[in-house]
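Numbering (the numbering used here), first residue to last: 268 to 553.
Idealized CB from N, CA, C, for every residue including glycine.
Okay, here's the thing in C-alpha cells:
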C-alpha cells in the first residue's frame with residue numbers, strides 16, 4: 268500500500284511540474300493598450316509575437332520554440348507576452364503603430380511600450396532565449412559573460428572572433444573586439460574570409476585603417492564578395508549619416524560624402540549624394 272501511495276504522489280508531482288513549467292510561454296489576450304497597462308503594473312518588458320493563422324513558420328514557433336521549458340520559464344518571469352493576430356481588429360490597429368511586413372515578426376518593448384528590438388522570421392530556440400535575456404536581463408546572457416572576459420584581458424583571436432560575431436547578432440555597437448581581432452590579423456588581411464567577416468559585422472565608423480583598406484582594395488574584394496561589399500559600403504553610409512544627424516555633426520557628414528565618392532562611380536555619386544542629404548535632413552528633423 269505504501270509503495271502505491273508513493274508512486275501516486277510522485278505522479279501528482281510530475282503532472283503538477285509539467286503543468287507549471289511545460290505549458291510554454293503564457294500569452295496575455297487583449298488590445299495593445301491593455302497589454303501595456305499590464306506591463307506597467309507588473310514593471311515587466313513586453314514581448315509580442317506578430318503572426319497570422321496561415322503562417323507556417325509562425326505555427327512552428329508556437330509548437331516548438333515557445334513550448335521550450337527554458338524559454339517559457341524565462342519569458343514568463345521577465346515579460347508580459349502577447350500573441351497578435353495581424354489580421355484581427357487588434358492586430359490591424361497594432362500594425363498602424365508598429366508596421367509588420369513579414370511573419371512571424373517578434374517584437375520587444377520596454378515597460379512603457381517603446382520598441383527595443385525586432386526579429387523577422389523563424390528564430391531558433393537558443394537565439395530567441397538569448398534575445399530575451401539581452402532585452403530583459405542582459406547580465407544573464409552569454410554575451411555579458413564574454414564582454415566581462417574581454418574587459419578582464421582575454422583577447423586571443425578565436426575568442427575575439429566569436430565575441431565580435433555575438434555582438435553583431437545582438438546589435439551591440441561595441442567595436443573594440445572586432446578592431447583588436449583585425450589588428451592581430453595584419454593590415455592587408457581583409458582578403459581573408461574570417462577577417463573580412465569581422466570587418467563586415469564589427470566596424471561601423473569611417474575613420475580607421477580597415478575602412479581605408481576596404482576602399483583601397485574595393486574592386487578586388489568586390490569580385491570575391493560582391494553582395495557583402497555592396498551591403499557594407501552602403502551600411503557604412505547609413506550608419507554614419509544617422510550618427511551625424513543625431514549629433515548634428517557636419518564634419519562627420521562631410522566624411523560620409525568623401526567616403527561615398529571613393530566607393531561609388533561618377534554615374535552613381537550624384538544620386539547617392541542626394542540620398543545622403545535627404546536622409547540627414549530627415550533624421551535631424553526627428
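Check	Outcome
Please report the Cβ distance between residue 546 and residue 508, rounded to the nearest whole angstrom; I am assuming they are in contact, meaning their Cβ atoms lie under 8 Å.	5 Å
To the nearest angstrom, report how far apart residue 288 and residue 511 are at their CA atoms.	Confidence at residue 288 is low in this model, with a pLDDT of 43, below 50, so the placement of that residue should be treated as unreliable; the coordinate-derived value is given next. Cα-Cα distance, rounded: 48 Å.
Figure out for me which residue from 395, 469, 514, 443 has the closest Cα to the Cα of residue 373.	395
Check this for me: beta carbons of residue 299 and residue 361, under 8 Å apart or not?	yes
Kindly give me the distance between the Cβ atoms of residue 448 and residue 465, rounded to whole angstroms, as I take these residues to be in contact under 8 Å.	5 Å
Do you know whose CA, among 357, 494, 403, 482, lies nearest residue 378's CA?	403
State buried or exposed for residue 316, treating a residue as buried only when at least 16 other CB atoms are found within 10 Å of its CB.	buried
Where do the ends of the alpha helix (DSSP H) carrying residue 473 lie?	Premise fails: residue 473 is in no alpha helix (DSSP H) and is neither H nor E.
Can you tell me the Cα-Cα spacing of residue 501 and residue 518, whole angstroms?	19 Å
Going by C-alpha distance, which of 439, 538, 485, 476 is nearest residue 458?	485
Buried or exposed: residue 462, going by 16 or more other Cβ atoms within 10 Å of its Cβ?	buried
If you reduce the DSSP assignment to three classes, tell me which class residue 384 lands in.	strand
Shortest alpha-carbon distance to residue 494 belongs to which of 467, 514, 368?	467
If you check the beta carbons only, do residue 386 and residue 338 fall under 8 Å apart?	no
Counting only runs of 4+ residues fully inside the stretch 296-381, write out the alpha helix (DSSP H) ranges in chain order.	299-309, 323-327, 336-345, 356-364
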